[in-house]
Amino acid sequence: MTFNLVVRRIHLYLALFLFPWFLMYGISSVPFSHAAYFDQRNRGMPMWHLRTERPYDIEIPENANLDEIGARIFKDSGLDGSFGTYRPNERQIDVYVYTFWKSSQAKYLIDQKRLVVEDRRFRWDHFLTGMHARGGYEHPAFLEYAWAGVVDLVCLGFIVWIATGIYMWWQLRRTRSWGFLALGSGVLLFLVFLLAL
Numbered sequence: 001m002t003f004n005l006v007v008r009r010i011h012l013y014l015a016l017f018l019f020p021w022f023l024m025y026g027i028s029s030v031p032f033s034h035a036a037y038f039d040q041r042n043r044g045m046p047m048w049h050l051r052t053e054r055p056y057d058i059e060i061p062e063n064a065n066l067d068e069i070g071a072r073i074f075k076d077s078g079l080d081g082s083f084g085t086y087r088p089n090e091r092q093i094d095v096y097v098y099t100f101w102k103s104s105q106a107k108y109l110i111d112q113k114r115l116v117v118e119d120r121r122f123r124w125d126h127f128l129t130g131m132h133a134r135g136g137y138e139h140p141a142f143l144e145y146a147w148a149g150v151v152d153l154v155c156l157g158f159i160v161w162i163a164t165g166i167y168m169w170w171q172l173r174r175t176r177s178w179g180f181l182a183l184g185s186g187v188l189l190f191l192v193f194l195l196a197l
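Numbering (this note's numbering), first residue to last: 1 to 197.
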């Protein structure tokens, strides 16, 4: 098997393997670019639905580890999944749980000694942008690590797919001028936005 044939097959099978990822990143870019449209469509609909609300009181030391406090609130709230802990102000600690299909949050209102657990209404635009933006190795769960690892491989696959495409184009002498036009115009357009925005 010649090197050219190996490159062609790598390019072909990478495209087939990466197809769902190209599709996901392509489609999910639409709600990023048109967020105002999707927000307008959902105007007037409540984003969060109350699941539970109850008295709650835990001690918050001055130099407390926010993740440890979040883990306790997470456990006491009866939530499931990976979570992040945030403190929007001194009177509140939020624990946010996200999956592709559902999201929940537990809000500990410190001065009111109250715990509020809410579920987020499903929206397709949030589902898509959530998939697009999800990454990182912050959460120790196996599937979280697996997703992040596969995303790394997909990014590497994109680069290999581009490189094999450029190699195949270079082998076609008769269409090199068209290739230069396509490559040059794409790079130029990208640079214009990069420098102007």
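Using N, Cα and C, we set each Cβ at its ideal position, and we do this for glycine too.
Since we're looking at a predicted model, the values are computed, not measured.
- According to DSSP, V95 shares a beta bridge with T85 and A106.
- Under DSSP, P55 shares a beta bridge with R114.
- The three-state reading of DSSP puts W48 in strand, counting E and B together.
- DSSP places D80 in the coil class of the three-state scheme, outside both helix and strand.
- Closest option to V151, judged by alpha-carbon separation, among V6, N4 and W21: W21.
- Residue environment for A64: exposed (fewer than 16 other C-beta atoms within 10 angstroms of its C-beta).
- Residue burial annotation: A182 is exposed, with fewer than 16 other C-beta atoms found within 10 angstroms of its C-beta.
- A straight line joining the alpha-carbon of L16 with that of E68 spans about 43 Å.
- Boundaries of the alpha helix (DSSP H) around R41: A35 to R41.
- Its Cα nearest to that of F158, the residue L18 stands out among L18, L172, G136 and L79.
- Excluding the 5 residues flanking it on each side, F100 has same chain C-beta neighbours closer than 7 Å at F127, G130 and M131, in chain order.
- If you check the CB distance, L79 and V97 come in under 7 Å.
- For the 7 Å CB-CB criterion, V7 and T164 form a contact.
- Setting aside the 5 residues that flank it on each side, R54 is surrounded in the same chain by R114 and L115, each with a C-beta closer than 8 Å to its C-beta; the list follows chain order.
- Rounded to the nearest whole angstrom, the C-alpha separation of R174 and I166 is 14 Å.
- Spanning the alpha carbons of L195 and L188 requires a straight line of approximately 11 Å.
- For M24, the closest of W124, W178 and S185 by C-alpha to C-alpha distance is W124.
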